[in-house]
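Undergrad:
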Amino acid sequence: MATYKEIKGVTVQALDADPVEFVGSWASGGTMNTARKDAAGFGAGATNGIVAGGYGGAPAAAGNYVESYNGTSWTETTEVNSGRGWSPAGAGTQTAGVITGGQNLPSGSGYIGLTEEWDGSSWTESGDLNIARAYANMTGSQTAAVAFGGNNPSPTASRTDTENYNGSSWTEANNMNTARDENSLSGRGAPYTSVISVFGTSTEIWDGTNWTESTEVNTPRKSGAGAGESSTSAVIYGGSPHPVAKTESWDGTSWTEVNDLSTGRLDGGTTGGSASNALYAGGNPPYTGVTEEWSFPPPTSAALNEGDIFLSGGTTLKGFAKIGGVPTGAWSSGGNAPAGRYGATGFGTQTDFLMMMGEPFSPGAEQCTYNGTAWAESVNFPGGNNTTLFGAGSSSTLGFVAGGYVGTAGNQTESYDWNGTAWTDASADLNTGRNAGNMNGASVTSTIYGGGSPPSSPPTAGKDQAETWNGTAWTEVSELNRSRYNMAGGGASDSNAFIAGGYGAPPSPNTNIADTEIWNGTSWTEVNNLNTGRSTNSGGGTNTLALVFGGGPTSPGRYAVTELWNGSSWSELADLSIGREYMPSSSNTGTAVKGFASVGLTTLSPAFPTATEEWTVDATLSTITIS
374 MATYKEIKGV TVQALDADPV EFVGSWASGG TMNTARKDAA GFGAGATNGI VAGGYGGAPA
434 AAGNYVESYN GTSWTETTEV NSGRGWSPAG AGTQTAGVIT GGQNLPSGSG YIGLTEEWDG
494 SSWTESGDLN IARAYANMTG SQTAAVAFGG NNPSPTASRT DTENYNGSSW TEANNMNTAR
554 DENSLSGRGA PYTSVISVFG TSTEIWDGTN WTESTEVNTP RKSGAGAGES STSAVIYGGS
614 PHPVAKTESW DGTSWTEVND LSTGRLDGGT TGGSASNALY AGGNPPYTGV TEEWSFPPPT
674 SAALNEGDIF LSGGTTLKGF AKIGGVPTGA WSSGGNAPAG RYGATGFGTQ TDFLMMMGEP
734 FSPGAEQCTY NGTAWAESVN FPGGNNTTLF GAGSSSTLGF VAGGYVGTAG NQTESYDWNG
794 TAWTDASADL NTGRNAGNMN GASVTSTIYG GGSPPSSPPT AGKDQAETWN GTAWTEVSEL
854 NRSRYNMAGG GASDSNAFIA GGYGAPPSPN TNIADTEIWN GTSWTEVNNL NTGRSTNSGG
914 GTNTLALVFG GGPTSPGRYA VTELWNGSSW SELADLSIGR EYMPSSSNTG TAVKGFASVG
974 LTTLSPAFPT ATEEWTVDAT LSTITIS
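Rendered as structure tokens:
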């Protein structure tokens, strides 16, 4: 570690060499009440899980036992309706899970297609798999999952079959390249469109449509388990024939051996979770209730790459992680807007911002500007009583808006330019009329518009279309991975953008989602989810450093949560003083360094606040070249 020096009151930290990479470890957890193997598991991670069914107990046949884990101990809870063993598959969370497949007990025969959903207290039967099977695997959520592989000797034993689940029924999808059974999954992706599967040495990756063969694992295995956020971040553990204790980490390109399980075993139940937070419980041989928790905690002190420095503004270094760092930040009060409203749009910066439209419609305060201290009324917008349109621009005097919704006229395609004095019709309209999408870009000549609602009221589904604007024309580009509307987003240009949260579909048009996607100028890529799924949220920044805040709906109020994206993961930071949604819908209402929140919708009195809040961080992580 280099020497710390005070330079004009700023602390500088530099490393002489890269820090040693932390590879994670397994720790003992509470023992299950009923030793078992071949059970289904689901949950959020090492402190939050459900294990259902399996082969065990006394006599070793029941297959209907369900236990819940709180990070310390297991508690018996409501049994499944249909007892099953031989590795049924599970997905979802501790309060919204789903299991399917397996075999009837005690006979060990009779392949099951029955699906059951868990709501935190009871099980409800749902639609059957098209192909009943044991030893399949599944990942995703209660309303959007994928099941694959497994065993059913009619007409073949090991299966390549893949099926998608929408919360009520299963649909057949493209098959795997290699037939596999006995817990074919060993590393899963949280999005059901981003999955990695291991069988033997073979690795296959699912992108939501097709399976692709990829890099082989170091230790061959079947009947193992795994966890992961996506097909680019996963971990596998356990399996046969040894039984296997080896754990391997996947970075999207290669497998790396990390710390072993303390007890090698196969056919255990796993909660999935993430590549840094998972649970492995039960298994064989013999039938066991052993539980191990996988963790990958951040270092307790600052860790930077060689050549990186951290400017803290003081003498005490912040605990930045190697992955990019999370600055501290806070919200402070700004000037009150002239009138409360929700569904407004805008563009600009924290100290130079234009806000327009919104509901309740107020012509006298339809358009106004903010200088970092106070609001001032401006000229009116010519596009009618337009709500949930979106804007882009670098200041209150240079901006661009498109789309929106106007009464019985429905979704709009029109685009308008703002020069600081007047609005003019842009040279071209959107190809697809829409509202409640997200337009990303700080420039009036380089933006991307993605998602939005359909041409109906109320909306029944989200859109996945995306279009870029070059100052002259709109061009359709690659679609979003997940249809959505009423989401947050941000971006520097039409080649650098992100979206997060929103209302997702299918199956329900009004389901809060946490999904995050980044745009690189060519395609959208699913990355790690928000910690708190929500819609009608706001934010800004770029696809490597972003901010998302507020949103709804939630009972009894609206979200005040603020999260920061560092290019790899989301971290929760200081909350808004007022939980609210439908704040000015622009990608430029905030950056990761300077954020901006105003008006919106709350459950408080008044329902439409005029309060403005400003977000500021003390510093960011930078890279320098030393000659």
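Take any residue in the sequence shown, count from 1 to its spot, add 373: that is its number in this note's numbering. Quick reminder that beta carbons are idealized off the backbone N, C-alpha and C, glycines included. A quick note: this is a predicted structure, and the numbers were derived from the prediction, not measured.
(1) Does the structure place the region 611 to 627 close enough to the region 901 to 916 that three or more beta carbon pairs sit under 8 Å?
(2) Taking DSSP as the reference, what is the three-state secondary structure of residue 470?
(3) Considering only residues of the same chain and omitting the five flanking positions on each side of residue 952, which have a CB-CB separation below 6 Å?
(4) By how many angstroms is the C-alpha of residue 904 removed from the C-alpha of residue 695?
(5) Determine which residues share a DSSP beta bridge with residue 653 and list them.
(6) Between residue 931 and the ligand COA, is the CB less than 7 Å from at least one heavy atom?
(7) Skipping 5 residues on each side, what residues in its chain have a beta carbon closer than 7 Å to that of residue 702?
(8) Residue 857 bridges to which residues according to DSSP?
(9) Residues bridged to residue 511 by DSSP?
(10) So, is residue 570 buried or exposed, given that buried needs 16 or more other C-beta atoms within 10 angstroms?
(11) DSSP state of residue 894, grouped into three classes?
(12) Exposed or buried, what is residue 604 when buried is set at 16 or more other beta-carbons lying within 10 Å of its beta-carbon?
(13) Considering Cα atoms alone, identify which of 425, 421, 409 and 980 is closest to residue 714.
(14) Does residue 498 pass the burial test, meaning 16 or more other C-beta atoms within 10 Å, or should it be called exposed?
(15) Please report the straight-line C-alpha distance between residue 965 and residue 809, rounded to a whole angstrom.
(16) Could you pull the start and end residues of the beta strand (DSSP E) that residue 901 belongs to?
(17) Which value, in whole angstroms, describes the spacing of the CA atoms of residue 429 and residue 661?
(18) If you measure from the beta carbon of residue 608 to each beta carbon in chain C, is any gap under 8 Å?
(19) Which class does residue 324 belong to by DSSP, given the choice of helix, strand or coil?
(20) In this structure, does DSSP put residue 551 in helix, strand or coil?
(21) If I follow the unbroken beta strand (DSSP E) through residue 967, where does it start and stop?
(22) Measure the C-alpha to C-alpha separation of residue 513 and residue 712 and round it to an integer number of angstroms.
(23) Taking all protein chains shown into account, decide if residue 755 is buried (16 or more other Cβ within 10 angstroms of its Cβ) or exposed.
(24) What is the DSSP secondary structure of residue 781, reduced to helix, strand or coil?
(25) Rounded to the nearest angstrom, what separates residue 941 and residue 496 at their Cα positions?
(26) For the structure I just gave you, are there three or more beta carbon pairs, one from the region 509 to 526 and one from the region 544 to 553, closer than 8 Å?
(27) For the beta strand (DSSP E) that residue 584 lies in, which residues bound it at each end?
(28) For the beta strand (DSSP E) containing residue 927, list its first residue and its last residue.
(29) Taking the straight line between their C-alpha atoms, what separation do you get for residue 679 and residue 577?
(30) How about residue 483 and residue 476: do their beta carbons lie closer than 8 Å?
(31) Specify the secondary structure class of residue 943 as computed by DSSP and reduced to three states.
(32) Short of 6 Å in beta carbon distance, which residues of its chain neighbour residue 642, apart from the five on each side in sequence? Order them along the chain.
(33) Check whether the Cβ atoms of residue 488 and residue 502 lie closer than 8 Å to each other.
(34) Is residue 772 closer than 8 Å to residue 791 when the C-beta atoms are compared?
(35) Which class does residue 704 belong to by DSSP, given the choice of helix, strand or coil?
(36) The beta strand (DSSP E) that contains residue 601, what's its start and end?
TA: Walking through what the data contain:
(1) As far as the Cβ criterion goes, the region 901 to 916 does not touch the region 611 to 627, which means the pair count is below three.
(2) Here the question's residue 470 lines up with position 97 in the sequence shown. Residue 470 falls in the strand class under three-state DSSP.
(3) The residue you call residue 952 lines up with position 579 of the sequence shown. Counting only Cβ-Cβ distances below 6 Å, and skipping sequence neighbours, we find 930, 931, 932 and 933.
(4) Mapped onto the sequence shown, residue 695 falls at position 322. Mapped onto the sequence shown, residue 904 falls at position 531. Bear in mind that a pLDDT of 33 at residue 695, under 50, signals an unreliable position, so the model cannot answer this.
(5) Translated into positions along the sequence shown, residue 653 becomes position 280. Answer is 643 and 665, bridged to residue 653.
(6) Among the components of this structure there are no ligands whatsoever, and the ligand COA is therefore not found.
(7) In the sequence shown, the residue the question calls residue 702 occupies position 329. Hits under 7 Å: 946, 947, 988, 989 and 990.
(8) Within the sequence shown, residue 857 is the residue found at index 484, counting from 1. Answer is 836 and 877.
(9) Within the sequence shown, numbered from 1, the residue matching residue 511 stands at position 138. In the DSSP output, where bridge partners are listed per residue, residue 511 has 520.
(10) Along the sequence shown, one-based indexing puts residue 570 at 197. Its Cβ being crowded by 16 or more others within 10 Å, residue 570 is buried.
(11) One-based indexing of the sequence shown puts residue 894 at position 521. Looking at residue 894 - three-state DSSP - the assignment turns out to be coil, as it is neither helix nor strand.
(12) Against the sequence shown, residue 604 aligns to sequence position 231. Answer is buried; the Cβ neighbour count reaches 16.
(13) Locating residue 714 in the sequence shown gives position 341, counting from the first residue. Ranking 425, 421, 409 and 980 by Cα distance to residue 714 puts 980 first.
(14) Position 125 of the sequence shown, counted from the start, is the residue given in the question as residue 498. Result: exposed.
(15) Counting from 1 along the sequence shown, the entry for residue 965 is found at position 592. Counting from 1 along the sequence shown, the entry for residue 809 is found at position 436. If you take the alpha carbons of residue 965 and residue 809, they lie about 22 Å apart.
(16) For the purposes of this step, residue 901 is taken as the residue at position 528 of the sequence shown. Segment: none, residue 901 is in no beta strand (DSSP E) and carries neither H nor E.
(17) By one-based count along the sequence shown, residue 429 stands at place 56. By one-based count along the sequence shown, residue 661 stands at place 288. Rounded to whole angstroms, residue 429 to residue 661 spans 9 Å at the Cα level.
(18) The question asks about chain C, but that chain is absent: this structure has only one protein chain.
(19) Residue 324 lies beyond the residue range present for the chain, which begins at 374 and ends at 1000; the question has no answer from this structure.
(20) Position 178 of the sequence shown, counting from 1, holds the residue named residue 551. It is coil, neither helix nor strand.
(21) In the sequence shown, counting from the first residue as 1, residue 967 sits at position 594. Looking at the DSSP string, the run of the beta strand (DSSP E) that includes residue 967 is 967 to 971.
(22) Working through the sequence shown from its first residue, we reach residue 513 at position 140. Working through the sequence shown from its first residue, we reach residue 712 at position 339. Computed Cα separation, rounded: 43 Å.
(23) Counting from 1 along the sequence shown, the entry for residue 755 is found at position 382. So residue 755 counts as exposed.
(24) The sequence position of residue 781 within the sequence shown is 408, counting from 1. Three-state result, residue 781: helix.
(25) Residue mapping note: residue 941 aligns to position 568 of the sequence shown, counting from 1. Residue mapping note: residue 496 aligns to position 123 of the sequence shown, counting from 1. Cα-Cα distance, rounded: 36 Å.
(26) Below 8 Å, enough C-beta pairs join the region 509 to 526 and the region 544 to 553 to call them touching: three or more.
(27) Residue mapping note: residue 584 aligns to position 211 of the sequence shown, counting from 1. Element bounds for residue 584: 584 to 587.
(28) Here residue 927 refers to the residue found at position 554 of the sequence shown. No beta strand (DSSP E) contains residue 927, which DSSP labels as neither H nor E.
(29) As a first step, residue 679 must be located in the sequence shown, where it is residue number 306. As a first step, residue 577 must be located in the sequence shown, where it is residue number 204. Reliability fails at residue 679, whose pLDDT of 41 lies under 50, so the model's placement of it is uncertain and no value is given.
(30) By one-based count along the sequence shown, residue 483 stands at place 110. By one-based count along the sequence shown, residue 476 stands at place 103. In contact: residue 483 and residue 476 (Cβ atoms closer than 8 Å).
(31) Reading the sequence shown from its first residue, position 570 is the one you call residue 943. Of the three classes helix, strand and coil, the one that applies to residue 943 here is strand, per DSSP.
(32) Residue 642 sits at position 269 when you count from the first residue of the sequence shown. Within the same chain, residue 642 has close Cβ partners 412, 414, 424, 654 and 655.
(33) Locating residue 488 in the sequence shown gives position 115, where the first residue counts as 1. Locating residue 502 in the sequence shown gives position 129, where the first residue counts as 1. At the C-beta level, residue 488 and residue 502 come within 8 Å of one another.
(34) For the purposes of this step, residue 791 is taken as residue 418 along the sequence shown, with counting starting at 1. For the purposes of this step, residue 772 is taken as residue 399 along the sequence shown, with counting starting at 1. For residue 791 and residue 772, yes; Cβs fall inside 8 Å.
(35) Within the sequence shown, numbered from 1, the residue matching residue 704 stands at position 331. When secondary structure is reduced to three states using DSSP, residue 704 falls in the strand class.
(36) Against the sequence shown, residue 601 aligns to sequence position 228. That run of the beta strand (DSSP E) goes 598 to 603.
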